[in-house]
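First up is the structure itself, then whatever we jot down about it.
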Amino acid sequence: MHIGVIGCGYVGLVTGVCFSEMGYQVICVDNNAEKIRKLKQGKTPIYEPGLEEMLKANMRSRRLCFSGSIEEAVSKSEVIFIAVDTPTRKNGTADLSNVKKVSREIAKSMNEYRLIVEKSTVPVKTGEMVYDTIKSNVKEGIDFDVASNPEFLREGTAIKDFMHPDRVVIGTASARAVTILVKLYEPLNAPILATDIKSAELIKHSANAFLAMKISFINAIANICERSGADIRKVAKGIGLDKRIGFEFLKAGIGFGGACLPKDLDAFINISKKLGVDFKLLREVQDINDRQVTGTVKKLEKILGKLKNKTVGILGLTYKPDTDDMRNAPSLRLIDQLKEKKAKIKCYDPVGIENAKKYINGVNFCKDPYEVARDSSALILVTEWNEFKYLNFYQIKSLMEEPVIIDGRNFYDGKALRDLSFKYQGMGV
Ligand code: UGA
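The opening residue of the sequence shown carries number 98 in our numbering; numbering runs sequentially from there.
Pasting the structure below:
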């Protein structure tokens, strides 16, 4: 099967590379010429474990190629995935102009039947817009179908998630489209759920909203643990043992970030409002998430007093480990608030520093955690990179101005650090 993927962002690129790995002939398109130039040289624009190797191998096998031309992809591929970005507008709604533009271009390039599949995360009813856009731009007599096939991969484990999904959701009104997509995904041996297009769109937003809600729920409980002397890790385990609830996404911490959960919450709240539903629950999910950062700064002030001119070291900048992605990272909100308090900031991230420099200024970027620790009055662990697990805490302590550690991810053994005379504080422990 020949597949075209429009948009070489996270989802598009992983989708294209993985489909080629499955043996399909794939052409990936992006309107960013520089990105395409690098991809043609076998260089991925994002850090994702295993992706570059897989990309190169499939390029060598001539199953994967890159182009700047939608027309080329449409002429060569029976199935076209739209995986362009849907950023948040100032008013919180999803900006679908790229989806619309690409749909128009696809339509104009079509000379025979094509199946157009939404892979970008989009609000419910976007499929209708894609259908209408194609219908009004396609040459007369050319048949086509539209489907929604949301992607559930996570950054950092994207290849595994794509290749071993919990489920594949196919939303479309067309039996022909279902047959094509079932055949396409068959090698993955995953449960396939065929729905109408709107339900598929809603599944994606609901899944991300539910995950965000789980995180904010456990963070709210973590705050109660802190005030009552309970341990959130034990509470989460006790809840998670109930199969109806499960363990996943019950790790308390400084909050969620990334390109998806925060953006999708905004978009979901807005599309619900448009449909006449005030989804207050999700607004509280956002508020709890924001308060995790504010609460961390308060904790620090409780230990150190005024933060003015105190040096605060930050370990980890990306929104989670194994990615260089800084979008909506909790570290950004934390740094802003520390700056407001006139603290001096040092920070380090194993992979994300170059990217972080595009988002953060006025801080001291360090070459390793020890340089961060030197003369710092506190360290805040924001991202649980493996590299931070086994630091030499004797050395860290000797370098610090005051031995204070705020563990924003409950990553360390608090007792062991307290035994080393650190003032240690986790999130709900
Ligand atoms: C999320 C979803 O998990 C994917 O299923 C979805 O496909 C993706 O969004 C998307 O819509 O494209 P991702 O943003 O890559 O994936 O990362 P997650 O692993 O979900 O983590 C999101 C944030 O939640 C991170 O900041 C992480 O540190 C935080 N988190 C996660 C917690 O604070 N606690 C947890 O228990 C789990």
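By construction, the Cβ of each residue, glycine as well, lies at the ideal position given by its N, Cα and C atoms.
- Comparing alpha carbon positions, the residue from GLY224, PRO220, THR190 closest to SER200 is GLY224.
- By the neighbour-count criterion, in which 16 or more other beta carbons inside 10 Å mark a residue as buried, GLU283 falls on the exposed side.
- The beta carbon of ASP182 sits no closer than 7 Å to any heavy atom of ligand 1.
- For ligand 1, a non-hydrogen atom lies closer than 7 Å to the CB of ARG251.
- Remark: the shortest separation between the CB of ASP361 and any heavy atom of ligand 1 falls under 7 Å.
- The three-state secondary structure of TYR491, taken from DSSP, is helix.
- Secondary structure at CYS322: helix, using DSSP grouped into helix, strand and coil.
- Taking 8 Å as the cut-off, the Cβ atoms of VAL108 and LYS280 do not count as close.
- Here the alpha carbons of ILE502 and PRO466 stand approximately 13 Å from one another.
- Judged by their CB atoms, PRO146 and GLY253 are nearer to each other than the 8 Å cut-off.
- Residue environment: ASN188 is assigned as exposed (fewer than 16 neighbouring CB atoms within 10 Å of its CB, all protein chains considered).
- In the three-state reduction of the DSSP assignment, PHE462 falls in the strand class, which pools E and B.
- Each residue's CA atom was taken as its position, placing VAL479 and LYS205 some 47 Å apart.
- For secondary structure counted as the beta strand (DSSP E) over 3 or more consecutive residues, the segment 416 to 479 holds these complete runs in sequence order: 441 to 445, 475 to 478.
- Distance from the CA atom of GLU168 to the CA atom of LEU285, rounded to whole angstroms, is 29 Å.
- At a Cβ-Cβ threshold of 8 Å, LEU290 and VAL275 do not count as neighbours.
- Separation of the CB atoms of PHE241 and TYR210 is rounded to 6 Å, and the pair is thereby assigned contact status at 8 Å.
- Taking 7 Å as the cut-off, one finds no heavy atom of ligand 1 near enough to the beta carbon of LYS377.
- Measuring C-alpha to C-alpha distances from ILE231 to each of LYS399, VAL214, ASP422, THR218 identifies VAL214 as the nearest.
- CA-CA distance, ILE133 to PHE163, rounds to 6 Å.
- Within the segment 354 to 429, the complete beta strand (DSSP E) runs of at least 3 residues fall at 408 to 412.
- In the three-state reduction of the DSSP assignment, ALA291 falls in the strand class, which pools E and B.
- The beta carbon of LEU378 sits closer than 8 Å to the beta carbons of MET310 from its chain, once the five residues preceding and following it are set aside; these are given in chain order.
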